[in-house]
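Residues 2 to 130, numbered by our numbering, are exactly what the sequence shown covers, in order.
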Amino acid sequence: MRVRVLMNIGACGPYAHFVAQFEPPGAGGGLELLSAVPEDRLPAEFVPSVRAGLLDGLNGVAAAVLLTDGTFHEVDSSEYGYTIAGREAGRAALIGAGLLPAEEAEALRWTTWPGKPRPKKRRKGAERR
């Protein structure tokens, strides 16, 4: 499963972007994370934050994850932003694998993946929660 996360809130705030491939884990289980992204596109200092977010988002589910692309911003990128992005990517992978209900996809604001359920259209005049 391929997941893309692009997080940017307005003109300032956390910026994080990476593309990850999720596959079943190896024999050892747990989270296996490998980055194939050049350092000039995604500095190694952010990879541990992606890992921390993935661990949280996957909620104990084992996976092999390959980071295949990414970008950063000199000013707006931070460990915090990549942790949030990693969490969203992990949750997206669980939804895509059918381990979380599709309705959970509506909460994933910055993440896209093939087959992502589209938000249900609200009826005109329906109250917002």
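Glycine included, every Cβ here is placed at the ideal spot set by N, Cα and C.
Nothing here was measured: the structure is a model prediction, and the numbers come from that model.
Runs of beta strand (DSSP E) with 3 or more residues, each lying fully within the segment 24-51, are found at 32-36, listed in chain order. Residue 68 sits away from residue 28, with the two beta carbons spaced by 7 Å or more. Taken atom to atom, the span from the alpha-carbon of residue 78 to that of residue 30 is near 30 Å. Annotated as proximal: residue 26 and residue 63, with beta-carbon spacing under 7 Å. Straight across, the Cα-Cα distance linking residue 19 with residue 104 is about 23 Å. By the Cβ neighbour-count rule, residue 91 is buried, with 16 or more other Cβ atoms within 10 Å of its own. Under DSSP, residue 72 forms a beta bridge with 18. Closest in alpha carbon position to residue 98, among 110, 118, 81 and 80, is 118.
When the five nearest sequence neighbours on each side are left out, the beta carbons in the same chain lying within less than 6 Å of the beta carbon of residue 51 are those of 83 and 87, in order along the chain. Bounds of the alpha helix (DSSP H) holding residue 88 are 80-97.
Relative to the Cα of residue 23, the nearest Cα in the group 116, 110 and 93 belongs to 93. Check the Cα spacing between residue 17 and each of 36, 43, 32 and 37: the tightest is with 43.
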